[in-house]
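Asker: This is the structure I have questions about; it appears just below.
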Amino acid sequence: MTHEVRAVVARKKGAPVSVETILVPNPGPGEALVRVQACGVCHTDLHYREGGINDEFPFLLGHEAAGVVESVGEGVTEVAPGDFVVLNWRAVCGTCRACSKGKPWYCFATHNATRPMTLADGTPLSPALGIGAFAEKTLVAAGQCTKVDATASPAAAGLLGCGVMAGFGAAVNTGGVGRGDSIAVIGCGGVGMAAIAGAKVAGAGRIIAVDVDERKLKWAEQFGATDTVDSSRTDAVEAIRELTGGFGADVVVDAVGRPETFKQAFYARDLAGTAVLVGVPTPESTLDLPLLDVFGRGGALKSSWYGDCLPSRDFPALIDLYLQGRFDLGDFITETITLEDVETAFARMHHGDVLRSVVIL
């Protein structure tokens with residue numbers, strides 16, 4: 001059986017997206033068909049539309065989603081029809097060398113569904129991050145479905161599927177920020193804001209938000225920043241040092257991903273402190289640091305991919321925090337929209353007018 005559903009498709013590089021009827025097959029072995037309830041508009045989707053990921057057009061966009069499992073294929077035991085799930089783009093294999101070492105969040109052989117979703121004329125679609133959730137239904141590997149408490153709002157829960165988890169995990173999982181620590185977050189978009197909120201949950205003592213946009217710095221205070229630095233007006237490194245007794249922060253998260261912001265993170269951390277790169281660099285970006293400084297300052301320089309998360313562990317835990325009122329996912333939602341509004345949402349996101357637009361289906 002094939003399901004005809006409405007979905008957001010990017011047909012050509014840089015061209016406006018369109019809402020079209022696509023064909024979604026029933027799940028094969030190890031796969032699940034999910035009825036999507038909500039999907040956040042993430043910057044990665046815009047990267048796909050602009051050809052910044054690859055050129056495998058047409059793309060089925062959307063990946064930051066929650067919904068209900070409608071059916072499963074042969075051999076699926078982790079989820080069942082009727083389960084409320086958050087989708088993830090790293091279904092771990094369980095057998096690679098990382099998984100075998102007990103570090104599945106580094107899995108080197110993550111996988112997606114293999115049966116293709118297509119345009120009405122049969123042209124195969126490339127689902128964004130192996131998900132493609134700007135659609136009424138999508139087909140994914142069963143391991144991409146993480147069952148969570150069904151009382152959670154789909155619009156809020158779906159945000160864990162990418163940006164919020166990446167930022168929270170960059171601070172807590174990768175950076176290891178803990179009770180009483182100091183942390184600076186450079187770049188206060190959705191990912192940076194989640195790092196700030198994560199640091200607050202973890203009990204950080206001083207949380208410094210750095211950005212060039214006064215609006216975002218005001219938002220950062222609502223998410224838990226104790227101090228803000230407008231780096232368009234002052235030297236960010238010196239400001240962070242001044243706020244931390246002249247030493248620098250224990251952890252500095254670069255949520256921008258530019259050479260100059262990572263240099264700020266490197267020099268704004270305390271001796272033996274940790275710098276975390278979670279912002280996605282462009283392919284042409286290069287980093288030039290004096291090797292003696294790398295040696296002499298000690299500590300750790302880390303990259304954080306998906307917040308070093310393990311969805312089966314982290315998604316239910318963060319949903320519990322959300323339901324307890326300790327981590328308000330709803331604060332990340334600027335607006336709720338329809339499939340027809342995705343192109344406008346891209347423009348608003350590009351201009352920094354929103355943290356997250358969320359498509360409700």
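Heads up: the sequence shown runs through residues 1 to 361, numbered per full-length UniProt numbering. Just so you know, even glycine gets a beta-carbon here, dropped at the ideal spot from N, CA and C.
Quick one: give me the first and last residue of the beta strand (DSSP E) that alanine 300 is part of.
Answerer: In the sequence shown, residue 300 corresponds to position 300, counting from 1. Start and end: 300-303.
Asker: Let me know the alpha helix (DSSP H) ranges lying completely inside the region 230-312, each 4 residues or longer, listed in chain order.
Answerer: Segments of the alpha helix (DSSP H) lying fully in the region 230-312: 236-243, 259-268 and 291-297.
Asker: Going along the chain, which unbroken runs of the beta strand (DSSP E) with 3 or more residues stay wholly within the region 79-139?
Answerer: Listed in chain order, they are 84-87.
Asker: Determine the DSSP secondary structure at histidine 3, reduced to helix, strand or coil.
Answerer: Here the question's residue 3 lines up with position 3 in the sequence shown. In this structure, histidine 3 counts as strand in the three-state DSSP scheme.
Asker: Residues in its own chain within less than 6 Å of alanine 275 by CB, not counting five upstream and five downstream?
Answerer: The sequence position of residue 275 within the sequence shown is 275, counting from 1. Excluding sequence neighbours, alanine 275 sits near Val252, Ala265, Phe266, Arg269 and Leu301.
Asker: I'd like to confirm the pairing. Which residues does DSSP put opposite phenylalanine 57 in its beta bridges?
Answerer: Mapped onto the sequence shown, residue 57 falls at position 57. Note: phenylalanine 57 sits in no beta bridge, so no partner.
Asker: Indicate the three-state DSSP secondary structure (helix, strand or coil) for leucine 46 in the structure shown.
Answerer: Walking along the sequence shown from the start, residue 46 turns up at place 46. DSSP places leucine 46 in helix when its eight states are reduced to three.
Asker: Identify whether leucine 323 lies in helix, strand or coil by the three-state DSSP scheme.
Answerer: Walking along the sequence shown from the start, residue 323 turns up at place 323. If DSSP states are grouped into helix, strand and coil, leucine 323 belongs with the helices.
Asker: Report the three-state DSSP secondary structure of leucine 33 (helix, strand or coil).
Answerer: Taking the first residue of the sequence shown as 1, we reach residue 33 at position 33. Looking at leucine 33 - three-state DSSP - the assignment turns out to be strand.
Asker: How many angstroms separate the CA atom of isoleucine 360 from the CA atom of glycine 158?
Answerer: Stepping through the sequence shown from its first residue, residue 360 is reached at position 360. Stepping through the sequence shown from its first residue, residue 158 is reached at position 158. Near 11 Å, if we compare the C-alpha coordinates of glycine 158 and isoleucine 360.
Asker: Considering only their Cβ atoms, is the gap separating cysteine 145 from alanine 32 smaller than 8 Å?
Answerer: Here the question's residue 32 lines up with position 32 in the sequence shown. Here the question's residue 145 lines up with position 145 in the sequence shown. Taking 8 Å as the Cβ cut-off, alanine 32 and cysteine 145 qualify as a contacting pair.
Asker: Skipping 5 residues on each side, what residues in its chain have a beta carbon closer than 7 Å to that of tyrosine 48?
Answerer: Stepping through the sequence shown from its first residue, residue 48 is reached at position 48. Within the same chain, tyrosine 48 has close Cβ partners Ala10, Phe59, Leu61 and Ala128.
Asker: Please list, in chain order, all residues of the same chain as valine 177 whose beta carbon is under 8 Å from its beta carbon, the five residues on each side excluded.
Answerer: Along the sequence shown, one-based indexing puts residue 177 at 177. Ala171, Ile183, Gly198, Ala199, Ala202, Ala204, Asp250 and Val251, listed in sequence order.
Asker: Return the CA-CA distance between leucine 291 and arginine 297, expressed in angstroms with no decimal places.
Answerer: In the sequence shown, counting from the first residue as 1, residue 291 sits at position 291. In the sequence shown, counting from the first residue as 1, residue 297 sits at position 297. Their backbone Cα atoms lie some 10 Å apart in a straight line.
Asker: With a threshold of 8 Å on Cβ separation, who are the neighbours of glycine 299 within its own chain once the five nearest residues in sequence on each side are excluded?
Answerer: Sequence index remark: in the sequence shown, residue 299 carries index 299 (1-based). The residues are Arg269, Asp270, Leu271, Ala272, Gly273, Thr274 and Ala275.
Asker: Could you check which residue in Val8, Arg313 and Cys309 has the C-alpha nearest to that of alanine 135?
Answerer: Along the sequence shown, one-based indexing puts residue 135 at 135. The option with the nearest alpha carbon to alanine 135 is Val8.
Asker: In terms of DSSP beta bridges, what is threonine 334 paired with?
Answerer: Mapped onto the sequence shown, residue 334 falls at position 334. DSSP output for threonine 334 lists no bridge partner at all.
Asker: Give the DSSP-derived three-state secondary structure of aspartate 353 in the structure shown.
Answerer: The sequence position of residue 353 within the sequence shown is 353, counting from 1. Three-state result, aspartate 353: coil.
Asker: Please determine if the region 343-354 and the region 236-248 are in contact, where contact requires at least 3 C-beta pairs separated by less than 8 Å.
Answerer: In short, these stretches do not touch, since the Cβ pair count stays below three.
Asker: Examine chain B for any beta-carbon lying closer than 8 Å to the beta-carbon of serine 182, and answer yes or no.
Answerer: As a matter of chain content, chain B is missing from the structure shown, which is built from one protein chain.
Asker: Can you tell which of Gly325, Gly192, Ala152 and Val212 has its C-alpha closest to the C-alpha of valine 85?
Answerer: Along the sequence shown, one-based indexing puts residue 85 at 85. Answer by Cα proximity: Ala152.
Asker: Look at the alpha carbon of glutamate 335 and the alpha carbon of glutamate 64, and state the distance between them as a whole number of angstroms.
Answerer: The residue labelled residue 335 in the question sits at position 335 within the sequence shown. The residue labelled residue 64 in the question sits at position 64 within the sequence shown. Taking the straight line joining both Cα atoms gives about 15 Å.
Asker: Please report the straight-line C-alpha distance between arginine 179 and valine 229, rounded to a whole angstrom.
Answerer: Mapped onto the sequence shown, residue 179 falls at position 179. Mapped onto the sequence shown, residue 229 falls at position 229. Whole-angstrom Cα-Cα distance: 22 Å.
Asker: Give the single residue among Thr138, Gly40 and Lys12 whose Cα lies nearest to the Cα of asparagine 26.
Answerer: Reading the sequence shown from its first residue, position 26 is the one you call residue 26. Closest by alpha carbon: Thr138.
Asker: With distances taken Cα to Cα, identify the nearest neighbour of leucine 243 among Thr338, Ala255 and Thr226.
Answerer: Within the sequence shown, the letter at position 243 stands for residue 243. Closest by alpha carbon: Thr226.
Asker: Around the C-beta of histidine 3, are 16 or more other C-beta atoms found within 10 angstroms, so that it is buried, or is it exposed?
Answerer: Here the question's residue 3 lines up with position 3 in the sequence shown. So histidine 3 ends up on the buried side.
Asker: Check whether the Cβ atoms of threonine 110 and valine 92 sit closer than 8 Å, and answer yes or no.
Answerer: What you label residue 110 is simply residue 110 of the sequence shown in a count that begins at 1. What you label residue 92 is simply residue 92 of the sequence shown in a count that begins at 1. Contact: yes.
Asker: On a CA-only basis, which of Thr123, Ala194 and Asp55 is nearest glycine 307? Give me that one, please.
Answerer: Translated into the one-based positions of the sequence shown, residue 307 becomes position 307. Comparing Cα positions, the closest option is Ala194.
Asker: Is it the case that the region 106-126 contacts the region 314-324, given that we only count it when at least three CB pairs across the two stretches are under 8 Å?
Answerer: Segments in contact, no.
Asker: Which residue's Cα is closest to the Cα of glycine 187: Ser231, Met165 and Ala113?
Answerer: The residue you call residue 187 lines up with position 187 of the sequence shown. Of the candidates Ser231, Met165 and Ala113, the one whose C-alpha sits nearest the C-alpha of glycine 187 is Ser231.
Asker: Relative to the C-alpha of cysteine 162, which residue among Glu20, Leu125, Ala142 and Gly40 is closest?
Answerer: Taking the first residue of the sequence shown as position 1, residue 162 is located at position 162. That would be Gly40, whose Cα lies nearest to the Cα of cysteine 162.
Asker: Among residues of its own chain, excluding the 5 on either side of glutamate 340, which ones have a beta-carbon nearer than 7 Å to its beta-carbon?
Answerer: For the purposes of this step, residue 340 is taken as residue 340 along the sequence shown, with counting starting at 1. Hits under 7 Å: Val19.
Asker: Just the C-alpha distance for arginine 115 and valine 36, rounded to the nearest angstrom, thanks.
Answerer: Here residue 115 refers to the residue found at position 115 when the sequence shown is read from its first residue. Here residue 36 refers to the residue found at position 36 when the sequence shown is read from its first residue. Going by the C-alpha atoms only, they are around 18 Å apart.
Asker: By the three-class DSSP mapping on this structure, what secondary structure does lysine 147 have?
Answerer: If you number the sequence shown from 1, residue 147 lands on position 147. Strand, per DSSP.
Asker: Asparagine 54 and proline 311 - do their beta-carbons sit closer together than 8 Å?
Answerer: Taking the first residue of the sequence shown as 1, we reach residue 311 at position 311. Taking the first residue of the sequence shown as 1, we reach residue 54 at position 54. No, they are not a contact pair.
Asker: Please state the DSSP three-state secondary structure of proline 27.
Answerer: Position 27 of the sequence shown, counted from the start, is the residue given in the question as residue 27. Proline 27 falls in the coil class under three-state DSSP.
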